[in-house]
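According to my numbering, the sequence shown is numbered sequentially starting from -3. See structure below.
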Amino acid sequence: MALKDLFVKPNQKKKKYATIPTETAKHDVPEGIMTKCPSCKKIMYTKELAKNFKVCLHCGHHFQMNSRERIDSFLDEKSFEEINENMISKNPLDFPDYLEKLEKDRQKSKLNEAVVTGIGTVNGNKIVLAIMDASFRMGSMGSVVGEKITLAIEKANELSVPFMIFTASGGARMQEGALSLMQMAKTSVALKKFSENGGLIISMMTYPTTGGVSASFASLGDFNFAEPEALIGFAGRRVIEQSIREELPADFQTAEFLLKHGQLDAIISRLELVEKITNILEIHQPGGELEW
């Protein structure tokens, strides 16, 4: 027994001291290693969240995904072949600083435009895919976005395979004025021709799908699906309330509200998407049967 222990009473508790980490120790934890869910406020490892397709491990909240993450989580490994990747927007209206903003978004997102299009397979079933990416100009629809989607639809028609689009957009791109609005008509006509030729169209609406995108190609699928709690609508909530002079329901313009009122066919969790879409693709093959 140490000499100092002779002067300590049997029931006397030793004092506890808090350890204050040094500045060096603080930097030992990499930034971004943890992520807080905006819905349930629980904190989880970012790597675990990524493994779960960016769906909260506690409450099922769907975090936003960029186009590359969607390709990796949805398509068969190494099956994606991008098309028309080098198309870039011009500045037809000479809108101030537009080209500079586009270049900043290219640097930030590593994309040339707000939609990625290509050919891939889902459990061996070939499809043509268009994936809108909110990290580029908030997924806004400009001339190039409309052109790439139209060309993708035409490619699906040429290959006689289904066309699927993931939408994520703030609406039409104001810097291109009426030219951006014309993309609503162009893409809709392309979908109509594809449908008349027997083509299968699947639309998957994600957070957010708004404005001219929601009013055109996002809502023209043979199957219109959405992720849980996705924001889907045309005009903003405040604008609508001011126009009709009524307070809207709390869940207005959510996927759940639209499903309840018949605008959606189903809400599908990202964790079940591959299984559900595979089922749909297979029932559209000769002799296919539905297992939902």
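C-beta atoms are modelled at their ideal positions from N, C-alpha and C, and glycine is treated no differently. Since the structure is predicted, the reported quantities are computational estimates derived from the model, not experimental observations.
Presumed contact (8 Å Cβ cut-off) between V112 and E78, rounded CB distance: As a first step, residue 112 is located in the sequence shown; it is residue number 116 there, counting from the start. As a first step, residue 78 is located in the sequence shown; it is residue number 82 there, counting from the start. The pair is a contact, with the Cβ atoms about 6 Å apart (cut-off 8 Å).
Other residues of its chain near S131: CB distance less than 6 Å, five sequence neighbours each side excluded: What you label residue 131 is simply residue 135 of the sequence shown in a count that begins at 1. Excluding the 5 residues flanking it on each side, S131 has same chain C-beta neighbours closer than 6 Å at N62, S105, in chain order.
CB-CB length for L216 against S184, believed under 8 Å: On the sequence shown, position 220 is the one that residue 216 refers to. On the sequence shown, position 188 is the one that residue 184 refers to. Yes, they are in contact, since the Cβ atoms of L216 and S184 sit about 6 Å apart, within 8 Å.
Coarse secondary structure for K22, derived from DSSP in three states: Locating residue 22 in the sequence shown gives position 26, where the first residue counts as 1. The predicted position of K22 is uncertain, since its pLDDT is 49 and thus under 50; a value taken from the coordinates is nonetheless stated next. DSSP places K22 in helix when its eight states are reduced to three.
Residue burial classification, A170 (beta-carbon count within 10 angstroms, cutoff 16): Translated into positions along the sequence shown, residue 170 becomes position 174. The sequence given here has Met at residue 170, not Ala. Under a 10 Å Cβ-count criterion, M170 is classified as exposed, with fewer than 16 other Cβ atoms of the shown protein chains found around its own Cβ.
Whole-angstrom distance between I263 and I276, CA atom to CA atom: Position 280 of the sequence shown holds residue 276. Position 267 of the sequence shown holds residue 263. Looking at the two C-alpha atoms, the distance is approximately 14 Å.
First and last residue of the uninterrupted alpha helix (DSSP H) at S69: Numbered from its first residue, the sequence shown carries residue 69 at position 73. Its alpha helix (DSSP H) spans residues 63 to 70.
Option in Q103, F70, S165 with minimal Cα separation from K122: Residue numbering aside, residue 122 sits at position 126 when the sequence shown is read from its first letter. Comparing C-alpha distances from K122 to each of Q103, F70, S165 shows the shortest one belongs to F70.
Delimiting residues of the alpha helix (DSSP H) encompassing G208: Position 212 of the sequence shown, counted from the first residue, corresponds to residue 208. In the DSSP annotation of this structure, the continuous segment of the alpha helix (DSSP H) that includes G208 starts and ends at 207 to 210.
Continuous alpha helix (DSSP H) stretch holding V140: start and end: Against the sequence shown, residue 140 aligns to sequence position 144. It spans 139 to 155 - the alpha helix (DSSP H) in which V140 sits, taken as one unbroken run.
Opening and closing residue of the beta strand (DSSP E) in which I236 lies: Taking the first residue of the sequence shown as position 1, residue 236 is located at position 240. Where I236 is concerned, there is no enclosing beta strand (DSSP E), although the alpha helix (DSSP H) it sits in stretches over 233 to 240.
Segment limits, beta strand (DSSP E) that includes S191: Residue 191 sits at position 195 when you count from the first residue of the sequence shown. Unbroken run through S191 is the alpha helix (DSSP H), 174 to 192; no beta strand (DSSP E).
Cα-Cα separation, D90 to S176: Residue 90 sits at position 94 when you count from the first residue of the sequence shown. Residue 176 sits at position 180 when you count from the first residue of the sequence shown. C-alpha separation (whole angstroms): 14 Å.
Reference K37, options G56, D218, N48, A46, closest by Cα: Numbered from its first residue, the sequence shown carries residue 37 at position 41. Considering only alpha carbons, the answer is G56.
Own chain residues within Cβ distance below 6 Å of L95, not counting five before or after: Against the sequence shown, residue 95 aligns to sequence position 99. Closer than 6 Å at the Cβ level, and outside the excluded window around L95, lie N87.
CB-CB length for D72 against N119, believed under 8 Å: Walking along the sequence shown from the start, residue 72 turns up at place 76. Walking along the sequence shown from the start, residue 119 turns up at place 123. Their Cβ separation, rounded to whole angstroms, is 7 Å, which keeps D72 and N119 in contact under 8 Å.
DSSP-derived helix/strand/coil call for E223: In the sequence shown, counting from the first residue as 1, residue 223 sits at position 227. The answer is coil: DSSP assigns E223 none of H, G, I, E or B.
Residue interval of the beta strand (DSSP E) (run including T274): Within the sequence shown, numbered from 1, the residue matching residue 274 stands at position 278. Where T274 is concerned, there is no enclosing beta strand (DSSP E), although the alpha helix (DSSP H) it sits in stretches over 269 to 279.
Inter-residue spacing [alpha-carbon to alpha-carbon] between M201 and I161: For the purposes of this step, residue 201 is taken as the residue at position 205 of the sequence shown. For the purposes of this step, residue 161 is taken as the residue at position 165 of the sequence shown. Cα to Cα, M201 sits roughly 8 Å from I161.
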